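S.K.: Counting from 6, one number per residue, gives the positions in the sequence shown under this note's numbering.
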Amino acid sequence: MASSILTNSSAMTALQNLSATQKALNTTQSQISSGLKVSTASDNAAYWSISSTLKSDTGALSSVSDALNLGSSVVSTATAAITSTLTLLNNIKKDLVTAQQPGTSTASVQTDITAQQQSLIAVLTSASFNGVNLLDGSSGTSASFVSSFTRNASGATSVQTLSVATSGTSGTQVGGAGGILAVSLGTFGGTGVAGSAATGASAGAYATGSLLSINITNATSADLTKLQSAVDTLINQVTNAGTQLGTASSVISNQQTYVTSLSNAITSGVGSLVDADMNVASTRLQALQTQQELGIQALSIANQNSQLILKLFGG
Numbered sequence: 006m007a008s009s010i011l012t013n014s015s016a017m018t019a020l021q022n023l024s025a026t027q028k029a030l031n032t033t034q035s036q037i038s039s040g041l042k043v044s045t046a047s048d049n050a051a052y053w054s055i056s057s058t059l060k061s062d063t064g065a066l067s068s069v070s071d072a073l074n075l076g077s078s079v080v081s082t083a084t085a086a087i088t089s090t091l092t093l094l095n096n097i098k099k100d101l102v103t104a105q106q107p108g109t110s111t112a113s114v115q116t117d118i119t120a121q122q123q124s125l126i127a128v129l130t131s132a133s134f135n136g137v138n139l140l141d142g143s144s145g146t147s148a149s150f151v152s153s154f155t156r157n158a159s160g161a162t163s164v165q166t167l168s169v170a171t172s173g174t175s176g177t178q179v180g181g182a183g184g185i186l187a188v189s190l191g192t193f194g195g196t197g198v199a200g201s202a203a204t205g206a207s208a209g210a211y212a213t214g215s216l217l218s219i220n221i222t223n224a225t226s227a228d229l230t231k232l233q234s235a236v237d238t239l240i241n242q243v244t245n246a247g248t249q250l251g252t253a254s255s256v257i258s259n260q261q262t263y264v265t266s267l268s269n270a271i272t273s274g275v276g277s278l279v280d281a282d283m284n285v286a287s288t289r290l291q292a293l294q295t296q297q298e299l300g301i302q303a304l305s306i307a308n309q310n311s312q313l314i315l316k317l318f319g320g
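(1) Only counting the same chain, and skipping five residues up and downstream in sequence, which positions put a Cβ closer than 6 Å to that of LEU125?
(2) Candidates ALA246, VAL264, ARG289 and SER44: which alpha carbon is nearest SER147's?
(3) Using DSSP's beta-bridge definition, name the partner residues of ASP282.
(4) For SER81, does the three-state DSSP call read helix, strand or coil?
(5) Which residue from ASN157, SER47 and SER277 puts its Cα closest to that of THR32?
(6) Where DSSP assigns a beta bridge to THR155, which residues make up the other side?
(7) Could you check the C-alpha separation between ALA303 and ALA25 for me, to the nearest Å?
(8) Identify whether VAL102 lies in helix, strand or coil by the three-state DSSP scheme.
(9) Is the beta carbon of THR288 closer than 9 Å to that of THR5?
(10) Beta-carbon separation of THR82 and SER133 under 9 Å?
(11) What residue range is occupied by the uninterrupted alpha helix (DSSP H) comprising LEU216?
(12) Compute the beta-carbon to beta-carbon distance between ILE221 and VAL114, rounded to the nearest angstrom, for a pair I have assumed lies under 8 Å.
(13) Use the C-beta contact count for GLN242: other C-beta atoms within 10 angstroms, 16 or more gives buried, fewer gives exposed.
(14) What are the start and end residues of each continuous alpha helix (DSSP H) run of 4 or more residues lying completely inside the stretch 22–46, in chain order?
(15) Could you give the distance in angstroms between the alpha-carbon of THR58 and the alpha-carbon of GLY160?
(16) Whole-angstrom Cβ separation of LEU30 and GLN297, contact assumed at under 8 Å?
(17) Rounding to the nearest angstrom, what Cα-Cα distance links TYR322 and SER77 in this structure?
(18) Using only the alpha-carbon positions, how far apart do ASN259 and LEU229 sit?
(19) Can you tell me whether LEU102 is buried or exposed, with buried defined as 16 or more other CB within 10 angstroms of its CB?
(20) In terms of alpha-carbon separation, which member of SER226, THR90 and SER68 lies closest to GLN265?
(21) What span of residues does the alpha helix (DSSP H) with ASP48 cover, start to end?
(22) For the alpha helix (DSSP H) holding ILE118, just list the boundary residues, first then last.
(23) Determine the direct distance from the alpha carbon of SER255 to that of GLN123, and round the result to whole angstroms.
(24) Pick helix, strand or coil for ASP86, following the three-state DSSP scheme.
(25) So, for ASP100: in the same chain, excluding its five sequence neighbours on each side, which residues have a beta-carbon less than 6 Å away from its beta-carbon?
(26) Please report how far the alpha carbon of ILE301 lies from the alpha carbon of LEU267, in whole angstroms.
(27) I'd like the list of long-range same chain contacts for ALA16, defined as Cβ closer than 7 Å, with 5 residues on each side in sequence excluded.
(28) Sorted by chain position, which residues of the same chain lie with C-beta nearer than 8 Å to SER207's C-beta, five sequence neighbours on each side aside?
Put into structure tokens, the structure is as follows:
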């Protein structure tokens, strides 16, 4: 090979190889520091686009999970109130049995019933979570919660909702109609237990015919017998409402499990596309560092060749 003081081909080749090694080394160091083999669109445009979309969907699923947690809390609050309601209804049932004993003062028994009525009102009207009460009639016949987020093949997104039936759980509707604690006045068997809208409740809030407004002070034995039967009916209605809420809780729980599994699957899929294999990256880093050191030495040797020309001139 001819020697030239103007063109050092060996140095140019060594420099080119060193530059390529340095570029590969920078890429590997970036992968190790970020943990990603595709961190920008320039790394792999297709994978970067797919991962960006899926990461956005994962964020939406996180919001869905939060919404399901909220729905679960709403249903759990209502379920707790149903349990307390059953306890209070059983207490009223015991009072009615006591009132049927000869010589018992119905007025005294009514005092305890009034306390149970007031407790029922407190329980049913306070069974609210985040402003949603499934027991006071405000939710209508159903309550809806966000349950899923999907993206179809064309890229269009949509949000699905989970509807929880509450037609059988409403307990204190105004007017004494349609609620789990509302019965027909005729069920009581007479006007002797009708009481007034103010009995045991906020004045005017509950109409006659509701358990929340009965008064047995002037009730006959026949009235008490029929009223006890009516309370048994109410206990069955409340139990059915609890079953309805239990089913809703199970459905929400199943959906929570599914959303978590779906989110994990998407996260795993994104990772397989863009995450760096740290074992491979660390091994490659050591190899590239060795290549860099050898490249520097090769460039140094190539540059020394020019110094040998000076010796030809006695330098």
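Built from N, CA and C at the ideal position, the CB exists for glycine as well.
All values reported here derive from a predicted model rather than from experimental measurement.
M.R.: Result, derived from the coordinates:
(1) Cβ contact annotation for LEU125 (same chain, cutoff 6 Å, sequence separation greater than five): LEU93, in chain order.
(2) Of the candidates ALA246, VAL264, ARG289 and SER44, the residue whose Cα lies closest to the Cα of SER147 is ALA246.
(3) According to DSSP, ASP282 bridges with nothing at all.
(4) DSSP places SER81 in helix when its eight states are reduced to three.
(5) Checking every option, the nearest Cα to that of THR32 belongs to SER47.
(6) Note: THR155 sits in a beta bridge opposite SER163.
(7) Approximately 14 Å, taken between the alpha carbons.
(8) VAL102 falls in the helix class under three-state DSSP.
(9) Any question about residue 5 goes unanswered here, given that the chain covers just 6 to 320.
(10) In this structure, SER133 lies closer than 9 Å to THR82 by Cβ.
(11) No alpha helix (DSSP H) holds LEU216; DSSP gives it neither H nor E.
(12) Correct: roughly 7 Å between the Cβ atoms.
(13) When all chains shown are included, GLN242 counts as buried.
(14) Correct list: empty.
(15) Roughly 10 Å separates the two Cα atoms.
(16) About 6 Å; that satisfies the 8 Å criterion.
(17) Summary: the structure shown does not reach residue 322, with the chain confined to residues 6 through 320, and so no result is reported for it.
(18) C-alpha separation (whole angstroms): 45 Å.
(19) A small fix is needed here, since residue 102 is Val in this sequence, not Leu. Counting other Cβ atoms within 10 Å of its Cβ, VAL102 stays below 16 and is therefore classed as exposed.
(20) Here the sequence assigns Thr to residue 265, which means Gln is not the residue at that position. Closest by alpha carbon: SER68.
(21) Counting along the chain, no alpha helix (DSSP H) covers ASP48, and no H or E run does either.
(22) That run of the alpha helix (DSSP H) goes 111–130.
(23) Their Cα atoms are separated by approximately 31 Å.
(24) Contrary to the premise, residue 86 reads as Ala rather than Asp in this sequence. In this structure, ALA86 counts as helix in the three-state DSSP scheme.
(25) Cβ-Cβ distances below 6 Å link ASP100 to VAL114, ASP117 and ILE118 in the same chain, with the five nearest sequence neighbours on each side left out; the list follows chain order.
(26) Within the model, the alpha-carbon separation for ILE301 versus LEU267 is close to 50 Å.
(27) Here the set comprises LEU304, ALA307 and ASN308.
(28) Bear in mind that a pLDDT of 40 at SER207, under 50, signals an unreliable position, so the number given afterwards is only what the model happens to contain. Taken in chain order, the residues that qualify are ILE126.
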